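Numbering (the working numbering), first residue to last: 125 to 279.
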């Protein structure tokens, strides 16, 4: 059990947990997860923690084969400067290690923006809080559970 799975249960939503073998040497945990689970890349979302204006953290969720546009994210949240948060900051704020950061069950609920491509998916996969573990759920349930904003935030 992980805090992400506990959060999904507490939200009383329909979800499935998928396990897969992962390697520490992969370039992208998300792309590797999509390959191992035989799921389209567009349906597997990575959770990125972004430092905003040097004093706040925001989550950007984008499909694993895409890149987060810092400029678009900044515009959506009304920020001037954005940069990826340091791994130790990510762990301290979410309780998750890189490669296993989930939008669900974080230590501190962070403002979350999900790429609008989520609207084209019947279900999506996000980290369940550990490498090698994904949660599959409906986009509607994900958005509602994390109180997310939907906007085009990929490059």
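Every residue, glycine too, gets a C-beta built ideally from N, C-alpha and C. Nothing here was measured: the structure is a model prediction, and the numbers come from that model.
Contact set for residue 248: own chain, Cβ-Cβ below 8 angstroms, skip 5 residues either direction: 167, 168, 169, 242, 260, 261, 262, 263 and 266
Buried or exposed: which applies to residue 202, given that a residue is buried once 16 or more other Cβ atoms fall within 10 Å of its Cβ? exposed
Distance between residue 165 and residue 158 (C-alpha atoms, nearest Å)
6 angstroms
**Prompt:** Which residues bound the alpha helix (DSSP H) around residue 239?
**Reply:** From DSSP, residue 239 is part of no alpha helix (DSSP H) but of the beta strand (DSSP E) over 235-239.
task: Confirm, please, whether the CB-CB distance from residue 134 to residue 145 is below 8 angstroms.
output: no
| When we look at the beta-carbon of residue 212 and count the other beta-carbons within 10 Å, is it buried (16 or more) or exposed? | exposed
For residue 217, does the count of other Cβ atoms within 10 angstroms reach 16, so buried, or fall short, so exposed?
buried
Tell me whether residue 178 is buried or exposed, calling it buried when 16 or more other Cβ atoms sit within 10 Å of its Cβ.
exposed
Check: Which stretch, first to last residue, makes up the beta strand (DSSP E) that contains residue 251?
Finding: 248-254
* **Own chain residues within Cβ distance below 6 angstroms of residue 273, not counting five before or after** => 237
**Asked** Hey, out of 239, 275 and 126, whose CA is closest to residue 141's CA?
**Response** 126
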